[in-house]
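Novice:
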Amino acid sequence: MNNLKTKVLLALAGLTLTGASILPATTALADSTDKNISTKISFEQATKTALKEAKTGKITQIELENKKNKPVYEVTILDDKTEKEYKINGNSGKVIKHSTEDISADKEDVKLSKATPKLSLNDAEKKAKEKYSSAKLREIKLDIENGKTVYKVKLQDNNKKIKLVLNADDGTIISEKTK
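Right, dumping it as structure tokens:
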């Protein structure tokens, strides 16, 4: 599994789209009872579908959720003017829903769309896994918190949920919570 995950992450890191950055394969829990969500398509395939539909922008979040007992990838893409959200069927790979919202008046989203963190998403995952090696990655999101660009990372280790906030420039842990 780790070997497959590494290959997927390396493949995602190699994908490019003008001005786009790709988030690594992640999974997110819909609620505390959903520990594993199985899909027929990978995060890489969901990402490619969203980028193909969006044409431009930067992926700032990707997560996998269980919606009505079906796996759904939610991919958020920002450019200077819009936030594009795609819901992609985790089995067929088809776009279920697409929405676009004008963000030109939202200074934080515009700033996030222009963010160029020094730390890659793969590096952010590695930092989190250094500390919690047995935990499974559930979500990574690029964000701005207190004026700094950060990665919000969610992990799960058995029944323990872990939330980390990492500095997107150097990978230092800014905050850490476990439940």
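For the sequence shown, my numbering assigns the number 2 to the initial residue and increments by one for each residue that follows.
By construction, the Cβ of each residue, glycine as well, lies at the ideal position given by its N, Cα and C atoms.
My output table needs one value for threonine 61: the three-state DSSP class, helix, strand or coil.
Specialist: Sequence index remark: in the sequence shown, residue 61 carries index 60 (1-based). Threonine 61: strand per DSSP, three-state reduction.
Novice: Exposed or buried, what is threonine 101 when buried is set at 16 or more other beta-carbons lying within 10 Å of its beta-carbon?
Specialist: Against the sequence shown, residue 101 aligns to sequence position 100. Its Cβ having fewer than 16 others within 10 Å, threonine 101 is exposed.
Novice: Which two residues bound the contiguous alpha helix (DSSP H) that contains lysine 108?
Specialist: Locating residue 108 in the sequence shown gives position 107, where the first residue counts as 1. Segment 108-114, the alpha helix (DSSP H) holding lysine 108.
Novice: Using three-state DSSP, classify lysine 127 as helix, strand or coil.
Specialist: Counted from its first residue, the sequence shown places residue 127 at position 126. In the structure shown, lysine 127 sits in a helix (DSSP, three-state: H, G or I).
Novice: Can you give the Cα-Cα distance for valine 166 and valine 151, rounded to whole angstroms?
Specialist: Indexing the sequence shown from 1 puts residue 166 at position 165. Indexing the sequence shown from 1 puts residue 151 at position 150. Computed Cα separation, rounded: 6 Å.
Novice: On the premise that aspartate 124 lies in contact with glycine 172, defined as a C-beta separation below 8 Å, what is that separation, rounded to the nearest angstrom?
Specialist: By 1-based counting over the sequence shown, the position of residue 172 is 171. By 1-based counting over the sequence shown, the position of residue 124 is 123. Contact flag correct, Cβ pair sits at about 6 Å.
Novice: Buried or exposed for aspartate 80, please, with buried defined as at least 16 other CB atoms from any protein chain shown within 10 angstroms of its CB.
Specialist: Here residue 80 is taken as the residue at index 79 of the sequence shown, counted from 1. By the 10 Å Cβ count, aspartate 80 comes out buried.
Novice: Determine the burial state of asparagine 92: buried for a count of at least 16 other Cβ atoms within 10 Å of its Cβ, exposed for fewer.
Specialist: Position 91 of the sequence shown holds residue 92. That one is exposed.
Novice: Take lysine 71 as the anchor and find which of Lys95, Thr40, Lys82, Gln46 has the nearest alpha-carbon.
Specialist: Stepping through the sequence shown from its first residue, residue 71 is reached at position 70. For lysine 71, the nearest C-alpha among the options comes from Thr40.
Novice: What is the rounded straight-line gap between the Cα of lysine 155 and the Cα of asparagine 168?
Specialist: Within the sequence shown, numbered from 1, the residue matching residue 155 stands at position 154. Within the sequence shown, numbered from 1, the residue matching residue 168 stands at position 167. Computed Cα separation, rounded: 15 Å.
Novice: Does the beta-carbon of isoleucine 60 have 16 or more other beta-carbons within 10 angstroms, so that it is buried, or is it exposed?
Specialist: The residue you call residue 60 lines up with position 59 of the sequence shown. Its Cβ being crowded by 16 or more others within 10 Å, isoleucine 60 is buried.
Novice: On the three-state DSSP scale, how would you describe threonine 179?
Specialist: For the purposes of this step, residue 179 is identified with residue 178 of the sequence shown, where counting begins at 1. In this structure, threonine 179 counts as strand in the three-state DSSP scheme.
Novice: Would you report the Cα separation of glutamate 126 and serine 134, rounded to the nearest angstrom?
Specialist: Against the sequence shown, residue 126 aligns to sequence position 125. Against the sequence shown, residue 134 aligns to sequence position 133. Cα to Cα, glutamate 126 sits roughly 10 Å from serine 134.
Novice: For lysine 161 and lysine 132, I'd like the C-alpha separation in whole angstroms.
Specialist: As a first step, residue 161 must be located in the sequence shown, where it is residue number 160. As a first step, residue 132 must be located in the sequence shown, where it is residue number 131. Whole-angstrom Cα-Cα distance: 14 Å.
Novice: For the beta strand (DSSP E) containing threonine 101, list its first residue and its last residue.
Specialist: As a working note, residue 101 is residue 100 in the sequence shown. 96-103 is the extent of the beta strand (DSSP E) around threonine 101.
Novice: On the criterion of 16 or more Cβ atoms from any shown chain inside 10 Å, does asparagine 159 qualify as buried, or is it exposed?
Specialist: Stepping through the sequence shown from its first residue, residue 159 is reached at position 158. Classification of asparagine 159: exposed, given that the 10 Å Cβ count is below 16.
Novice: Counting only the same chain and skipping the five closest in sequence on each side, list residues whose C-beta sits under 8 Å from that of proline 118.
Specialist: For the purposes of this step, residue 118 is taken as residue 117 along the sequence shown, with counting starting at 1. Leu143, Thr150, Tyr152, Ala169, Asp170.
Novice: Is isoleucine 97 closer than 8 Å to valine 182 when the C-beta atoms are compared?
Specialist: With the chain running from 2 to 180 in the structure shown, residue 182 is simply not present.
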